[in-house]
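Just so you know, the sequences run in chain order A and B.
The first sequence begins at 52 in the working numbering and counts up by one.
The second sequence begins at 5 in the working numbering and counts up by one.
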Amino acid sequence: MSGPEPAPSRLRPRDVVRVGVTGLRARPARAVLSALGIAVGIAAMVAVVGISASSRAQVDEQLDALGTNLLTVAAGQTIGGEDAALPAGSVDMVARLGPVTAVSAVGEVDASVYRNDEIDATQTNGLAVLAAGTDLLDTVSGVVDNGRWLDDALGAYPAVVLGANAAERMGIDEVDGSVAVWLGGEWFTVAGILDPVPLAPELDSSVLIGWPVAEALLGFDGAPTTIYERSAESQVDAVRAVLPATVNPENPEEVTVSRPSDALAARAATDETLTTLLLALGGVALLVGGIGVANTMVIAVLERRSEIGLRRALGATRAHVRRQFLGESVLLAALGGVGGAVLGGAVTAAFAASRGWPPALPSWVLAGAAGATIVVGALAGAYPAARAARMPPTAALSAV
Amino acid sequence: MNADTLTMTSSPGADAGDASAVVELENVTRVYPGRPPVRALRGVSLRIRRGELIGIVGPSGSGKSTLLNILGTLDRADTGTVRIDGHDVGAMNDRRLSALRAHRIGFVFQQFFLTPGVSALDNVADGLLYTGTPLAGRRRRARATLERVGLGDRTHHRPHELSGGQRQRVAVARALAGAPSLLLADEPTGALDSASGAGVLALLHGLHAGGTTVVVITHDHEVAGSLPRRVDIRDGSIESDRAGRP
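And the structure:
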């Protein structure tokens with residue numbers, strides 16, 4: 052009647068999870084606290100990546116709106132180190148290039164601007180006076196914050212449009228024609244104030260006047276200092292190659308051509324160093340959380356010797372006991388991982404909302420967080436689980 | 005199964021693999037290393053036949069707990085042969101021993117060892133956890149077994165909502181759920197008042213009447229006296245093996 056040898060013990064994978072959940076639920080406060088360590092680490096890493104991704108998404112969105120096809124041509128310097136000038140006809144020559152869709156220029160006027168005529172001549176506030184073409188604003192995607200732009204009519208009169216910083220430094224916010232500034236020995240009425248221009252930040256600390264009035268009143272020679280040019284996106288590189296020779300056929304090497312959108316993108320990229328550093332800090336937090344889980348599991352194994360003995364008596368193999376504690380450890384870490392991912396996502400959303408950025412959280416971050424918690428849980432549980440499995444069932448049962 | 009067989013003497017020379025024997029120990033010794041070494045069992049031979057209800061009685065330190073562990077395959081003999089349900093335990097590895105415990109041996113402990121916060125039904129169902137039976141099947145068997153021990157109306161009570169006697173009945177049901185060939189009860193009444201203890205003993209008698217092989221380890225002579233066969237153990241050896249209550 053003694054039957055054949057019984058079928059091997061078996062613990063279904065689903066039951067590994069069940070047993071793990073039961074084990075954690077027996078001491079909920081401890082489970083939550085040790086999961087919190089993991090949660091902090093994961094939340095830090097998710098938030099760091101999320102915030103940096105949101106910041107980049109904001110730059111991308113800005114570039115989308117501003118376009119990346121703007122090239123800036125500056126006169127540069129002569130071989131002798133002096134400021135070079137562009138020929139007066141260079142704007143027209145650029146406009147004649149086939150792919151060019153828009154072109155405008157500013158020319159530096161040899162004059163200074165002051166809030167009024169009482170101010171000492173050395174207190175220029177570092178503001179440049181520029182003569183601007185009427186199509187400048189459209190070319191650089193600038194926006195008038197208040198007042199109006201220098202159109203053909205206004206450009207012939209002593210009217211001035213202030214860059215965002217220039218207006219701030221002079222303390223001017225009125226554009227109703229009641230405010231005038233002392234510019235090159237003449238009164239210029241403030242007609243408008245610009246928003247910051249991301250693609251041409253040099254305009255922010257400048258005051259702009261019409262090309263004709265600069266020539267008529269201030270002795271401006273009409274030579275542009277900087278040319279702004281837009282072309283079809285696919286032709287930007289080709290245009291860039293021919294621009295120096297086009298604007299200054301005699302000394303093309305003096306000309307510097309830059310692409311302001313590159314500078315914006317590069318600013319976003321420099322944040323990556325900081326992001327990496329913060330990510331490493333989050334990793335340290337995760338490591339500490341993992342040690343907390345390992346500690347919890349070691350204590351659990353010591354406390355639950357009789358449970359281990361009982362399970363061995365019920366037919367658990369050593370492998371089953373190991374799997375149970377390993378599973379519990381991974382579950383604990385996963386609990387923290389889910390909490391941390393939610394927390395990190397919330398922090399990202401809140402931070403992005405406060406800055407007016409589009410919230411962005413790449414899916415690889417969540418996959419990475421899930422993977423990291425499983426690895427941390429498994430590593431943290433390996434030693435306690437091995438200890439539990441090694442425990443002889445008789446010792447486990449007599450330990451009460 | 006041949007129920008209620010009384011075996012009057014131990015059978016040291018029993019044939020190996022006797023089909024009517026659930027337990028066959030031949031000259032089993034167990035020494036715990038130390039200074040001096042503790043000789044917990046000194047050549048114990050014991051044969052328990054299918055369907056018996058037997059008490060193993062001795063004071064603490066007599067070796068009865070070691071004997072229980074060896075009967076339950078939780079510990080191994082240093083010398084001698086141990087056959088449980090016809091299988092030579094000495095030749096089996098951890099996996100095969102665990103399989104034997106999962107399918108053929110049920111344990112009842114003095115301290116019950118119920119999982120706190122888990123219903124009586126699921127505590128009993130855990131008796132089948134390592135057989136690989138799906139949860140629904142485990143619960144079905146658990147419900148039937150709880151009814152068999154008279155707790156059909158307590159399936160959803162958690163251990164702290166049950167009396168000591170009821171908890172031990174749940175523990176018995178857990179041991180019984182897998183229909184084991186051998187039920188080992190270690191001081192099953194040790195943590196109970198006399199009325200509850202009598203109830204649990206009556207339950208074991210009932211199981212015996214139903215054909216289950218039950219081994220009760222106890223230091224309580226009153227408990228042992230109520231059992232059909234009684235083996236007294238002292239200093240690691242069997243002192244007497246006789247019929248208890250006529």
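The beta carbon of each residue, even a glycine, is placed where N, CA and C say it ideally should be.
Contacts around residue i, its chain only, beta-carbon distance under 6 Å, and the 5 residues preceding and following it disregarded
i	result
residue 112 (chain B)	175, 176, 179, 189, 192
residue 8 (chain B)	The pLDDT assigned to residue 8 (chain B) is 41, lower than 50, so where the model puts this residue is not dependable; a value taken from the coordinates is nonetheless given after this. Cβ within range, chain order: n/a, list empty.
residue 295 (chain A)	303, 306
residue 66 (chain B)	237, 238
residue 101 (chain B)	77
residue 181 (chain B)	128, 131, 132, 145, 146, 149
Residue i in three-state terms, based on DSSP
i	result
residue 189 (chain B)	strand
residue 445 (chain A)	helix
residue 234 (chain A)	strand
residue 20 (chain B)	In this prediction, residue 20 (chain B) has a pLDDT of 47, which is less than 50 and means its spatial position is unreliable; nothing more can be read from the coordinates.
residue 248 (chain A)	coil
residue 57 (chain B)	strand
residue 247 (chain B)	strand
residue 115 (chain A)	helix
residue 310 (chain A)	coil
residue 151 (chain B)	helix
residue 402 (chain A)	helix
residue 389 (chain A)	helix
residue 66 (chain A)	helix
residue 280 (chain A)	strand
residue 223 (chain A)	coil
residue 135 (chain A)	coil
residue 367 (chain A)	coil
residue 64 (chain B)	coil
residue 55 (chain A)	coil
Close-in-space but distant-in-sequence residues of the same chain around residue i (CB under 7 Å, 5 per side omitted)
i	result
residue 90 (chain A)	387, 390, 391, 394
residue 55 (chain A)	none
residue 381 (chain A)	425, 428, 429, 432
residue 69 (chain A)	none
residue 217 (chain B)	26, 52, 54, 55, 56, 185, 186, 187
residue 92 (chain B)	85
residue 288 (chain A)	none
residue 15 (chain B)	With a pLDDT of only 40 at residue 15 (chain B), under the threshold of 50, the placement of this residue in the model should not be trusted, and no figure is reported.
Residue interval of the beta strand (DSSP E) (run including residue i)
i	result
residue 28 (chain B)	25-36
residue 179 (chain B)	No beta strand (DSSP E) holds residue 179 (chain B); the alpha helix (DSSP H) holding it covers 168-180.
residue 196 (chain A)	195-198
residue 136 (chain B)	Where residue 136 (chain B) is concerned, there is no enclosing beta strand (DSSP E), given that its DSSP letter is neither H nor E.
residue 61 (chain A)	Element bounds for residue 61 (chain A): n/a, residue is neither H nor E.
residue 109 (chain B)	109-112
residue 158 (chain A)	151-159
residue 222 (chain B)	218-222
Range of the contiguous alpha helix (DSSP H) that encloses residue i
i	result
residue 84 (chain B)	Per DSSP, residue 84 (chain B) belongs to no alpha helix (DSSP H); it is in the beta strand (DSSP E), 83-88.
residue 122 (chain A)	First-last for residue 122 (chain A): 121-125, but that is the beta strand (DSSP E), not the alpha helix (DSSP H).
residue 452 (chain A)	Here chain A has residues from 52 to 451 only, and residue 452 (chain A) is not among them.
residue 297 (chain A)	287-298
residue 74 (chain B)	68-75
residue 126 (chain B)	124-129
residue 362 (chain A)	356-364
residue 205 (chain B)	198-213
8 Å Cβ shell around residue i - same chain, five flanking residues per side excluded
i	result
residue 79 (chain B)	34, 70, 73
residue 270 (chain A)	161
residue 125 (chain B)	143, 146, 147, 150, 159, 160
residue 151 (chain A)	145, 280, 281, 282, 290
residue 77 (chain A)	none
residue 242 (chain B)	14, 48, 49, 50, 235, 236
For residue i, the residue or residues it bridges with in DSSP
i	result
residue 260 (chain A)	A:182, A:211
residue 92 (chain B)	B:87
residue 143 (chain A)	Residue 143 (chain A) pairs with nothing; no bridge assigned.
residue 233 (chain B)	B:58, B:247
residue 425 (chain A)	DSSP output for residue 425 (chain A) lists no bridge partner at all.
residue 239 (chain A)	A:232
residue 434 (chain A)	Partner(s): none; residue 434 (chain A) has no beta bridge.
residue 414 (chain A)	Paired residues: none, contrary to the question.
**Prompt:** Okay, do the region 235-245 of chain A and the region 122-130 of chain A touch, 3+ Cβ pairs below 8 Å being the bar?
**Reply:** Segments in contact, no.
**Prompt:** Does the region 244-259 of chain A come close enough to the region 189-199 of chain A that 3 or more CB-CB pairs lie under 8 Å?
**Reply:** Touching, per the Cβ criterion.
**Message:** Under 8 Å, with one C-beta from each stretch per pair, do the region 199-216 of chain A and the region 253-267 of chain A reach the 3-pair mark?
**Reply:** The region 199-216 of chain A, when compared against the region 253-267 of chain A, does touch it at the 8 Å Cβ threshold.
**Request:** Evaluate the contact criterion for the region 144-157 of chain A versus the region 277-286 of chain A: three or more CB pairs, one atom per stretch, below 8 Å.
**Result:** Yes, since at least three Cβ pairs between the region 144-157 of chain A and the region 277-286 of chain A fall closer than 8 Å, the two stretches touch.
**Asked** Using 8 Å as the threshold, is the region 332-352 of chain A in touch with the region 84-102 of chain A, meaning 3 or more CB pairs across them?
**Response** Yes: the two stretches touch, three or more of their Cβ pairs being nearer than 8 Å.
**Prompt:** Looking at C-beta atoms only, is the number of pairs between the region 304-312 of chain A and the region 112-129 of chain A that lie closer than 8 Å three or more?
**Reply:** Yes: the two stretches touch, three or more of their Cβ pairs being nearer than 8 Å.
**Request:** Mind the definition here: the region 432-448 of chain A touches the region 351-361 of chain A only if three or more C-beta pairs lie below 8 Å; say whether that holds.
**Result:** The region 432-448 of chain A, when compared against the region 351-361 of chain A, does touch it at the 8 Å Cβ threshold.
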